[in-house]
Structures are given as C-alpha cells and as structure tokens.
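Chains as they are written, first to last, in full-length UniProt numbering: chain G, 1 to 179; chain E, 1 to 179.
Data first, discussion second: the structure below is written as structure tokens.
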DNA sequence: AAACTATATGCACATTGTTGCATATAAGTA
DNA sequence: TACTTATATGCAACAATGTGCATATAGTTT
C-alpha cells in the first residue's frame, strides 16, 4: 500500500523511469522501503490507472525505450494526504533473530558463519550510508528543512547498521565461549 | 513462510494453544516476528495437514474448548533444517521513515505529534523488554546456551527501542528549530 | 566463446497478510 | 445496566507481496 507513496515521494522530487525508481528504493531509500523491480512496474501501472502519474515514452536506439514518469496534481494530493495521516509502526519480521529461538537445533559452526556473513553485509551497508551522509549531508545544520528530514531517515539507517555490528560482535563472543 | 517456524519454535519449547501462541508472538517474540490470531490459526491448520504438529482437545466448561498443540518429529525435523539454512535479511518497511522523504508536504504540528506518539510507544516497549530481561536474563553469563541466544534476540529489541528514543529526541529538536 | 552485468520493461501465478465477520462465556469497569 | 477486556476458536474475501519467467541489446569479465 505504501509502495504507492514511496514511488510518489521519489517522483515528487524529480521525474524518473521505473528502472531508476527501483534503484532509488534500493539505494537512497534502502533503509526505509524496498521493492523488487516487478513490484515497482506493477505499482506504476496502477498509479497510471489512478491518474496519479503520467508518463512519456522516450525512444532509445540501443536499449529498450524508456518510460519517464512524472507525478500529477492528484498524485501530489494523495501523497500530502497520506503524509499527514497517522503511520503504523513497522511490523517486525527478522528470520535471523527468529532463529535465536530454536537454540539447541543450531549447528554452532553454521550459526557462527551465518552471523559473520550478515556482519559483512551490515558493514558494507553502513559504509554506503556513511558515504551518502558525507556527500549530501555534511553540514546538516544549514540544510533546508525537507533535506534535514531525509537526513533523519538516513541517520536511522546508520544507527541500525552500527547497532547490528555491535550485536554481531557480542553474539560471536557468546558463541566463541560455547565452543 | 517463516511464521511456520516461529510457531514450531514456540512449540519446540512447550505445547501451547493457538491463543497462547498468538500471545507469545506478541510478547516474548515481539521484536522478532508478529502475526494476528487469524494468521496463527490458519497456519496451525496448515501445520496439522503437513503433520508437523498434533493437537489434543481439552474441554472446558466455562470457556470454549482449547486445542493444545504439540510439535511432531517431522515438525522438529523441518525446524532444524530451516534453522541451518542461510537466512535472508529482513525487508525494511517503515512508513514513518518513508514519510521523511515527503518533507515539504508535512504539516509540522502533525509531524511533531506523530513523532511524540511513536515515542510513547517506543518507551513502553523498551520498558517491557527491560522487565523481561531483569526477570529472565539477569545473570546471562550463567545461562544455558539456548537461553543465551534468546537473550541476544531480546538485546536487539532493547537496543532498537533505545535507538528510536534517541532518534525521536533528535528529530523533535530539529522540528523545534524549524518552527 | 561463454557467462555475467547493466539497461529496460512487464505478466502470471503463488503465498502471505489484513479486515470483517461469527460464536460463546465470565469478570471487571464506567 | 451497558461496555470493555480476556479467554478461545475460526472462515471468507480481499489486498499486498514475492517468485519465476520472458524479452532485448551492449559491454565487460572469465
């Protein structure tokens, strides 16, 4: 449901193709929302039907034609309405943490490898977010308000990944003692 | 898909009714997985078909009869297999953070109220998790391994809620300056 | 030469999750 | 007395998401 608004938020800043929107969701909004490219295209088709976006076909000779989407007045209206509605808290669904509740069934070497694997990912994601921060938000105090809000979202991503890194180090030391 | 394993993990520790399983998911596993009671009952019916659980009807005179579920060998096998498979990272879907990307469309009073509302929830959840910690995990060093793993999961919940509290204070001060 | 990555789009089917409803009783609260 | 909460179960319809497949071309890596 909120994928609609994720896409509209992107298009509210600038026009983009489905492909670009998919990338934006993965990169800039990676710690906030995610969707596969199939989902993005499907949702864009729906937004077209609802007249929340328009699109313009841009022919390309070497690659498939691009459809450049733009938000409409109605789209912006829907977005503004949604923004000011109360938001639900995110549902928690974390397979790795869930597995902590099946304790004695673990093969400890597996568990260790699993956490180490995730640790690499968290480190990489943290680095990516820190790079975004230093590129776009190096002087947050002097940013316009709507960028400060985006910075707040990014800060969540940074903090979450830092905290996962600490957690995994802690978890690995617990496992080490058990061995 | 993983709801199956959430339920099996619970039943692996002790037999329980659908009602009790719903509560466990909300309380003890609240920072790890969540499901409505309808989902729980539906999944239990499926687990029955797959012969991963058995159940026993316990008549009650004052309240509706209870169906007490227990895990089977097959269920435990499925669970052990799943535990040792690599886990996907959780998908991120946070409506409040998403709204940070629709900056100039916010009514600032709304935004402030929204964050304050969420703050109350995070504080309450943190307190709840801290209470669980002091009741069951006050001496983690001397706990059996599978309880230490559960403690690790709880620590995530504590940390996430603490970090949301800090974030909301930060966010509120950013908003205050804008006013 | 074959495989992989990036660009670019999308359909069809399957699984999962939400919402509204339905039933039944007891105890506590306004 | 009427409403809410807790216990206890579940179906049916609908909405949202995920997975597998399909197509097309160019450049880069093995």
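The beta-carbon is built from N, C-alpha and C at its ideal position, and this holds for glycine as well.
Predicted, not measured: the structure shown is a model, and the values here were computed from it.
Around the beta-carbon of residue 110/G, fewer than 16 other beta-carbon atoms lie within 10 Å, marking it exposed.
When DSSP states are grouped into helix, strand and coil, residue 137/G belongs to the coil group. Counting along the chain, the unbroken alpha helix (DSSP H) around residue 20/G starts and ends at 18-26. Residue 83/G sits away from residue 148/E, with the two beta carbons spaced by 7 angstroms or more. Cα atoms of residue 116/E and residue 172/E: separation of roughly 8 angstroms, rounded to the nearest angstrom.
Under DSSP, residue 57/E shares a beta bridge with 67/E.
In chain order, 5, 8, 9, 12, 79, 80, 82, 83, 146, 149 make up the part of chain E whose C-beta sits under 9 angstroms from the C-beta of residue 102/G.
Linking residue 162/E to residue 32/E through their CA atoms gives a straight-line distance of about 16 angstroms.
Its chain contains 37, 40, 41, 44, 67, 69 as the residues whose beta carbon lies nearer than 8 angstroms to that of residue 18/E, once the 5 sequence neighbours on both sides are disregarded; these appear in chain order.
Within the region 83-98 of chain G, those residues whose Cβ lies closer than 8 angstroms to any Cβ of chain E are, in chain order, 83, 84, 86, 87, 88, 89, 90, 91, 92, 93, 94, 95, 96, 97, 98.
A residue is called buried when at least 16 other Cβ atoms come within 10 angstroms of its Cβ; residue 156/E meets this threshold and is buried. The beta carbons of residue 71/E and residue 12/E sit closer together than 7 angstroms.
At a cut-off of 7 angstroms between beta-carbon atoms, residue 73/E makes no contact with chain G. Secondary structure note for residue 82/G: its alpha helix (DSSP H) is the uninterrupted segment 73-83. Of the other Cβ atoms in all chains shown, fewer than 16 fall within 10 Å of the Cβ of residue 134/E; this residue is therefore exposed.
Here residue 114/E really is in contact with residue 86/G; their C-beta atoms are around 6 angstroms apart, less than 8 angstroms.
In the structure shown, residue 33/E falls within a coil segment according to DSSP collapsed to helix, strand and coil.
Here residue 139/G is exposed: its Cβ has fewer than 16 other Cβ atoms, across all protein chains shown, within 10 Å. The closest CA to that of residue 103/E, considering only 2/G, 9/G, 1/G, 3/G, is found on 9/G. In the three-state reduction of the DSSP assignment, residue 48/G falls in the helix class, which pools H, G and I. With respect to residue 88/G, residue 95/E sits close: the two C-beta atoms are nearer than 7 angstroms.
Between residue 23/E and residue 60/G, the alpha-carbon positions lie close to 56 angstroms from each other. A direct Cα-to-Cα measurement between residue 14/E and residue 7/E gives close to 11 angstroms.
Annotated three-state conformation of residue 119/E is helix, per DSSP.
For residue 157/G, the uninterrupted alpha helix (DSSP H) run begins and ends at 145-178, by DSSP. With contacts defined by Cβ atoms closer than 7 angstroms, residue 53/E and residue 77/E do not form a contacting pair. Between residue 151/E and residue 137/E the beta-carbon gap is near 5 angstroms, inside 8 angstroms, which marks them as a contact.
Sequence-distant Cβ neighbours of residue 123/G in its own chain, meaning closer than 7 angstroms and more than five residues away, are 165. Here the C-alpha atom of residue 146/G lies approximately 32 angstroms from the C-alpha atom of residue 118/G.
Contact between residue 25/E and residue 34/E holds, with the beta-carbon distance rounding to 6 angstroms and staying under 8 angstroms. Around residue 133/E, no beta-carbon contact reaches into chain G at under 8 angstroms, the shortest distance being about 14 angstroms. If you look at residue 3/E, you'll find it in the alpha helix (DSSP H) that goes 2-13. DSSP places residue 93/G outside both helix and strand once states are collapsed to three, so it counts as coil.
For residue 139/G, no chain E residue has a Cβ inside 9 angstroms of its Cβ, as the nearest lies near 14 angstroms away.
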